[in-house]
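Here is the structure we will look at, set down as structure tokens.
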Amino acid sequence: MGKLLAVALVGIAAALVVERLLTLRNRLNASREIAPVTLPNCQLIKGIESGSEDIDILPNGLAFISSGLKYPGIKSFAPDKPGEIFLMDLNEDYPRAVEMRISRGFDLASFNPHGISTYVDKDDTVYLFVVNHPHQKSTVELFKYVEDDNSLVHLKTIQHDLLTSVNDVVAVGPDSFYATNDHYFSDFILMFLEMFLGLTWSNVVYYSPKEVKEVAAGFYSANGINISPDRKFIYIADILDHNVHVMEKHANWNLTHVKKLQLDTLVDNLSVEPSTGDIWTGCHPNGMKLLYHDLENPAASEVLRIQNILSEEPVVTRVYADNGSVLQGSSVASVYKGKLLIGTVFHRALYCEL
Ligand SMILES: [Ca+2]
Ligand SMILES: [Ca+2]
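In our numbering, the protein residues as written are 2 to 355.
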């Protein structure tokens, strides 16, 4: 009887592991292949060789690009090189990416930039918020942009017990923001276990110097976050649940659920086009290829434009799709006056004229 029970328990455990593996394969869209969607006027951006995970464009056409992310379990083409911020002026006829100088007093050697967000204050001061992972920790670095010499002055490093595994931020003031934690755990093994077990412990946190609080929870993995042009709604991508959540922002900074738009791809960062309110996303059609980097079978890229997300029938358009032969692992897409920038987690960046 004892042996029978042991065999039964082993059988149940094995069945549970197989069930979890199959569920994880679905969460990663592991069997999806994509049909290409090409754009006629695109070129790879010179000088960006090891990632352009997030891109934020100011209303005047200056694009900030974070580059050189080192993230547990994900490929890096420059594992020993510190990360960088590039600047591109999209008003130029042939925009170039220029590496920005960062002021002294900031530890550049451990700079590992991830999600970014800009904020233009009433006095026109431009602030840049950068998620940083020095030594695999999570901080948010606050910089001031100095136009005269295209440099960034480091103002402060923000660390908090609720900011554990930060992926992206959206600034809502000169020193306040919402942040997504893509996992509950920050340790690599525990992060993988969290994903394997399909736990929904990922959340969104509001941060200001006076108050820090969780404002949304229950995500498989909250990733990109952004705000509507009227600043009433917050958009959050759940990368492992293949959707975009719309949440209403309240006077006390709490968020309440409005709706969720289901897609068929792993949605990474979200950009909002100021003039139309359209959401542009960089997506991973197949997350397995992103996790298991193989040059013979690289991670693909996919850009979606979501129009009228608040309406009964939002319109989702696949603007660009590539099997990785041109661009691997797209994580962001952002537009300015008919010009599209597509960034990637660890690969290059693409500039297109629409
Ligand atoms: Ca961002
Ligand atoms: Ca991201």
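Think of the CB as a built atom: it goes at the ideal place given N, C-alpha and C, for glycine as much as any other residue. All figures in this text were calculated on a predicted structure; none of them were measured in a lab.
### Query
If you run the structure through DSSP and keep just helix, strand and coil, what is Leu292?
Of the three classes helix, strand and coil, the one that applies to Leu292 here is helix, per DSSP.
### Task
Return yes when at least one heavy atom of ligand 2 lies under 7 Å from the C-beta of Glu303, else no.
No - ligand 2 has no heavy atom lying nearer than 7 Å to the Cβ of Glu303.
#### Entry: Expected contact under 8 Å - CB spacing of Gln137 and Pro73 to nearest Å
Gln137 to Pro73, Cβ: 7 Å. Contact.
### Query
Are Gly344 and Ile117 close, meaning C-beta to C-beta below 8 Å?
Gly344 places its beta carbon 8 Å or farther from that of Ile117.
### Query
According to DSSP, what are the bridge partners of Asn244?
Note: Asn244 sits in a beta bridge opposite Asp239, Gln263.
### Query
Is it true that the CB of Arg306 sits closer than 8 Å to the CB of Val327?
Their beta carbons are not under 8 Å apart, which means Val327 does not touch Arg306 by this criterion.
### Task
Count the CB pairs spanning the stretch 256-263 and the stretch 229-247 that are closer than 8 Å, and state whether there are at least three.
Inter-segment contact for the stretch 256-263 and the stretch 229-247 is present: three or more beta-carbon pairs are separated by less than 8 Å.
### Message
Using a 10 Å radius around the Cβ and a threshold of 16 neighbouring Cβ atoms, would you call Asp323 buried or exposed?
### Response
Under this definition Asp323 is a buried residue.
### Task
Indicate, with yes or no, if ligand 1 has a heavy atom lying under 7 Å from the CB of Ile58.
If you check the C-beta of Ile58 against ligand 1, you find no heavy atom less than 7 Å away.
### Task
Mind the definition here: the stretch 93-105 touches the stretch 45-63 only if three or more C-beta pairs lie below 8 Å; say whether that holds.
Flag = yes, the stretch 93-105 and the stretch 45-63 touch.
### Query
What three-state label does DSSP hand Ala334 in the structure shown?
If DSSP states are grouped into helix, strand and coil, Ala334 belongs with the strands.
### Query
So Thr24 is in the alpha helix (DSSP H); what residue range does that whole segment cover?
Here the alpha helix (DSSP H) through Thr24 covers 3-28.
### Query
For Pro114, does the three-state DSSP call read helix, strand or coil?
Three-state DSSP puts Pro114 in a strand.
### Query
Cβ of Ser152 within 8 Å of Cβ of Ile103?
Contact annotation: Ser152 and Ile103 have beta-carbon atoms nearer than 8 Å.
### Message
Would you call the stretch 170-180 in contact with the stretch 188-202, where contact means no fewer than 3 C-beta pairs closer than 8 Å?
### Response
The stretch 170-180 is not in contact with the stretch 188-202.
### Query
Excluding five sequence neighbours on each side, which residues of the same chain lie with their C-beta closer than 8 Å to the C-beta of Asp122?
In the same chain as Asp122, and ignoring 5 residues on each side of it, the C-beta atoms closer than 8 Å to its own belong to Tyr128, Pro175, in chain order.
### Query
Roughly how many angstroms separate the alpha carbons of Leu200 and Cys284, rounded to a whole number?
Computed Cα separation, rounded: 22 Å.
### Task
Since I believe Leu163 is in contact with Val213 (beta carbons under 8 Å), could you give me their beta-carbon distance rounded to a whole number of angstroms?
That belief holds up - the Cβ atoms of Val213 and Leu163 are roughly 5 Å apart, short of 8 Å.
### Query
Which residue from Ala217, Leu271, Glu313 puts its Cα closest to that of Ser332?
Considering only alpha carbons, the answer is Leu271.
### Message
Given the structure, does Gly116 come close to ligand 1, in the sense that its CB is under 7 Å from one of the ligand's heavy atoms?
### Response
Yes - ligand 1 has a heavy atom lying nearer than 7 Å to the Cβ of Gly116.
### Query
Any heavy atom of ligand 2 closer than 7 Å to the Cβ of Gly225?
It does: the Cβ of Gly225 is within 7 Å (strictly closer) of some heavy atom of ligand 2.
### Query
Alpha carbon to alpha carbon, how far is Gly12 from Val18?
Each residue's Cα considered, the two are about 10 Å apart.
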